[in-house]
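Q:
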Amino acid sequence: MVGFEIRISDFLRRRLGAIYLLAGVPCNFRRWDMSLYQLQKLIYHVNRDSAERERYRADPAAFVKNYELTNAEAKAALEVDVRALYSMGVHSLLLRPFTLLQKVSNEDYAKALKGLE
Amino acid sequence: MPIVFACAASHAPGMTAWTEAAPKEQAENFLDSYRRLGERLGASRPDVIVALTVEHWANFFLNSMPTFCIGRAAHYDGPIEEWLRIPKARLPGDQNLATEIIKACLQGGFDPTFSDELLFDHATFLPLHFLNPNMAVPVVPIILNTLAPPMPTAIRCFAFGQFVGNVLEKSGKRVALIATGGLSHWPGEAKHGKINIPFDLKFLQTLVAGEHAKLTRYTHEEIDAEAGSGGHEIRTWIALAGAVESWKAELLAYEPIVPWATGCGLVEFSR
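Chain order of the listed sequences is Z and W. Numbering of the first sequence is given in the numbering used here, commencing with residue 638 and proceeding in unit increments. Numbering of the second sequence is given in the numbering used here, commencing with residue 21 and proceeding in unit increments.
#1: Mind listing which residues of the region 678-691 of chain Z have their C-beta closer than 8 angstroms to chain W's C-betas, in chain order?
#2: By the 10 Å Cβ neighbour count, where 16 or more other Cβ atoms means buried, how is R237 (chain W) classified, buried or exposed?
#3: Where does L57 (chain W) fall in DSSP's three states?
#4: Taking only beta-carbon positions, decide if H205 (chain W) is within less than 7 angstroms of chain Z.
#5: In the DSSP output, what is L109 (chain W) paired with across the bridge?
#6: Between the region 712-737 of chain Z and chain W, which residues of the former have CB atoms less than 9 angstroms from a CB of the latter, in chain order?
#7: Chain Z beta carbons: is any one of them nearer than 7 angstroms to that of K108 (chain W)?
#8: Less than 8 angstroms between C-beta atoms, sequence neighbours within five positions excluded: which residues of the same chain meet that for H95 (chain W)?
#9: Assign A143 (chain W) to buried or exposed, taking buried as 16 or more other Cβ atoms, counted over all protein chains shown, within 10 Å of its Cβ.
#10: Please state the DSSP three-state secondary structure of A28 (chain W).
#11: Could you please tell me which residues of the region 208-221 of chain W, in chain order, have their CB closer than 7 angstroms to any CB of chain Z?
#12: Taking DSSP as the reference, what is the three-state secondary structure of I215 (chain W)?
#13: With DSSP collapsed to three states, give me the class of S204 (chain W).
#14: Please list the partners that A747 (chain Z) has in chain W, where partner means a Cβ-to-Cβ separation under 9 angstroms.
#15: Does any residue of chain W bring its CB to less than 7 angstroms from the CB of L673 (chain Z)?
#16: Closer than 6 angstroms by C-beta to F666 (chain Z): which residues in its own chain qualify, once you throw out the five before and the five after it? Chain order, please.
#17: Opposite F88 (chain W) in the DSSP bridges: which residues?
#18: I believe L151 (chain W) touches L57 (chain W) by the beta-carbon criterion, under 8 angstroms. Please report the beta-carbon distance rounded to the nearest angstrom.
#19: Beta-carbon of F180 (chain W) versus every beta-carbon of chain Z: anything under 7 angstroms?
#20: Return helix, strand or coil for A273 (chain W), following the three-state DSSP convention.
#21: How is K748 (chain Z) classed by DSSP in three states: helix, strand or coil?
#22: Helix, strand or coil for E716 (chain Z)? Go by DSSP, reduced to three states.
#23: Once you ignore the five residues that flank V70 (chain W) on each side, which residues in its own chain have a CB closer than 7 angstroms to its CB?
#24: Tell me whether E253 (chain W) is buried or exposed, calling it buried when 16 or more other Cβ atoms sit within 10 Å of its Cβ.
#25: Report the option in W:D97, W:N116, W:Q115 whose CA atom is closest to the CA atom of A107 (chain W).
#26: Of all Cβ atoms in chain Z, is any one closer than 7 angstroms to the Cβ of F81 (chain W)?
#27: For a test of the three-state rule: what should DSSP assign to K222 (chain W), helix, strand or coil?
#28: Any C-beta of chain Z sitting closer than 7 angstroms to the C-beta of H142 (chain W)?
#29: Which chain Z residues sit within Cβ distance under 8 angstroms of W38 (chain W)?
#30: Under the DSSP definition of a beta bridge, which residues are partnered with C284 (chain W)?
#31: For the region 59-81 of chain W, list every residue whose C-beta sits within 7 angstroms of some C-beta in chain Z, in sequence order.
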């Protein structure tokens, strides 16, 4: 049942997100989601803890499984999808250091966020 | 002994990390003012520097985010940023003064957290690089949450500053009080690089005119929309205005430095 509830909630979330985006409303109603907290925690650990950073670098796919993420969040974290992570509500001062560790240039970072102003 | 020196200053990492990216005249004007301010801080012969400061996920995370945190450590290491081009150093703390401030707060109607171990990121380390060049004067950091909403209100920051200012005036130490952060900037955001010059100038004018009631009316939403996520750091300036409420503020420099992506300001206060 738990899995089912999560799927439903994911589904509603995506639907609401689509409606909000179509209406041009900033889509930040997810900011208190547990999984956004987990996603930011993952990034905080990689940014600030060298041992965790090494574990992440050694096996990213295994590392992200330590956090309670939705599939979309895990994918964005693994692919360092700047635009997706930003749109999910990751704080910019967590995101930019995280992307710097992956050698994302200022230009590429700005390009990824184009249109989200 | 009283507060012997007070100033507020921006801390854009570009000031040291990519200095040369800025137009030469603009950078020199700003950084020369910063260094002269440091000379005057030194000339005030402080026993301790109390820094109304912020941090950028250096120590705290959302598992426990203090609204006001007073550093009570024996020493502070920094900067955490390898790329800041400021030599790493260990700064002495002042555990006695920190304890005095914490106790006074708890007895006087404020309930800050305290920490015996804090690392400094550029928010605290960069201003000290200019203002405390030998890194010899002990430091007591007071960190305001300007990072993760909900944040302390402007009026509460002002009142907290007033309270801490009174404690420092009676502390028996010569205190240099600094505030660090702001002005408008959108670090790492889609609007990164934008600087809201009218917002910055209006804030500076209000501060210099001593219009404290107006300072306390800045809302979270207004700062967020007009000055960006980095603009929330003006809360430290508002707290400083409370701490030296009767002092006169003078604008030393304002430069909207686009390559540093920040409206950079320096204000000195005098009795």
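Just so you know, even glycine gets a beta-carbon here, dropped at the ideal spot from N, CA and C.
A: Answer, in terms of the structure:
#1: K678, Y681, N684, R685
#2: Position 217 of the second sequence holds residue 237 (chain W). It counts as exposed.
#3: The residue you call residue 57 (chain W) lines up with position 37 of the second sequence. Three-state result, L57 (chain W): helix.
#4: As a working note, residue 205 (chain W) is residue 185 in the second sequence. Answer no: the Cβ-Cβ gap between H205 (chain W) and chain Z never drops below 7 angstroms.
#5: Within the second sequence, the letter at position 89 stands for residue 109 (chain W). According to the sequence provided, residue 109 (chain W) is Ala. The question's Leu does not apply to it. Beta-bridge pairing links A109 (chain W) to W:G98.
#6: Y723, H728, S729, L730, L731, L732, R733, P734, T736, L737
#7: As a working note, residue 108 (chain W) is residue 88 in the second sequence. Output row for K108 (chain W): interface = no.
#8: Reading the second sequence from its first residue, position 75 is the one you call residue 95 (chain W). Cβ within range, chain order: R110, L111, P112, G113.
#9: Position 123 of the second sequence, counting from 1, holds the residue named residue 143 (chain W). Buried: at least 16 other Cβ atoms inside 10 Å.
#10: In the second sequence, residue 28 (chain W) corresponds to position 8, counting from 1. It is a strand residue.
#11: G208, E209, A210, K211, H212
#12: Numbered from 1 along the second sequence, position 195 holds the residue referred to as residue 215 (chain W). Of the three classes helix, strand and coil, the one that applies to I215 (chain W) here is coil, per DSSP.
#13: On the second sequence, position 184 is the one that residue 204 (chain W) refers to. Reduced to three states, the DSSP call for S204 (chain W) is coil.
#14: Against the first sequence, residue 747 (chain Z) aligns to sequence position 110. Correct list: A210, H212, G213.
#15: Locating residue 673 (chain Z) in the first sequence gives position 36, counting from the first residue. Closer than 7 angstroms: no.
#16: As a position in the first sequence, residue 666 (chain Z) is number 29, starting the count at 1. Here the model assigns F666 (chain Z) a pLDDT of 44, short of 50, so the residue's position is not dependable, and the following value carries that caveat. Result list for F666 (chain Z): empty, nothing under 6 angstroms.
#17: Against the second sequence, residue 88 (chain W) aligns to sequence position 68. According to DSSP, which records beta bridges pairwise, F88 (chain W) is partnered with W:L164.
#18: One-based indexing of the second sequence puts residue 151 (chain W) at position 131. One-based indexing of the second sequence puts residue 57 (chain W) at position 37. So it is a contact: roughly 6 angstroms between Cβ atoms.
#19: The residue given as residue 180 (chain W) occupies position 160 in the second sequence. F180 (chain W) does not count as touching chain Z.
#20: Counting from one through the second sequence, the residue named residue 273 (chain W) turns up at place 253. Three-state DSSP puts A273 (chain W) in a strand.
#21: What you label residue 748 (chain Z) is simply residue 111 of the first sequence in a count that begins at 1. In the structure shown, K748 (chain Z) sits in a helix (DSSP, three-state: H, G or I).
#22: Here residue 716 (chain Z) corresponds to residue number 79 of the first sequence, with the count starting at 1. Residue state, collapsed to three classes: helix.
#23: Looking up residue 70 (chain W) in the second sequence gives position 50. If we look at V70 (chain W) and ignore the five residues flanking it on each side, its Cβ neighbours are V160, I162, L188, V195, L197.
#24: The residue you call residue 253 (chain W) lines up with position 233 of the second sequence. Looking at its Cβ environment, which holds 16 or more other Cβ atoms inside 10 Å, E253 (chain W) is buried.
#25: The residue labelled residue 107 (chain W) in the question sits at position 87 within the second sequence. The sequence as given places Pro at residue 107 (chain W); Ala does not occur at that position. When each option's Cα is compared against that of P107 (chain W), the closest is W:D97.
#26: Residue mapping note: residue 81 (chain W) aligns to position 61 of the second sequence, counting from 1. So, interface residue.
#27: Along the second sequence, one-based indexing puts residue 222 (chain W) at 202. Residue state, collapsed to three classes: helix.
#28: Here residue 142 (chain W) refers to the residue found at position 122 of the second sequence. With 7 angstroms as the cut-off, H142 (chain W) does not count as an interface residue toward chain Z.
#29: Within the second sequence, numbered from 1, the residue matching residue 38 (chain W) stands at position 18. Those within 8 angstroms of W38 (chain W) in chain Z number zero; the least Cβ separation is about 10 angstroms.
#30: Within the second sequence, residue 284 (chain W) is the residue found at index 264, counting from 1. Answer is W:E275.
#31: H76, W77, F81
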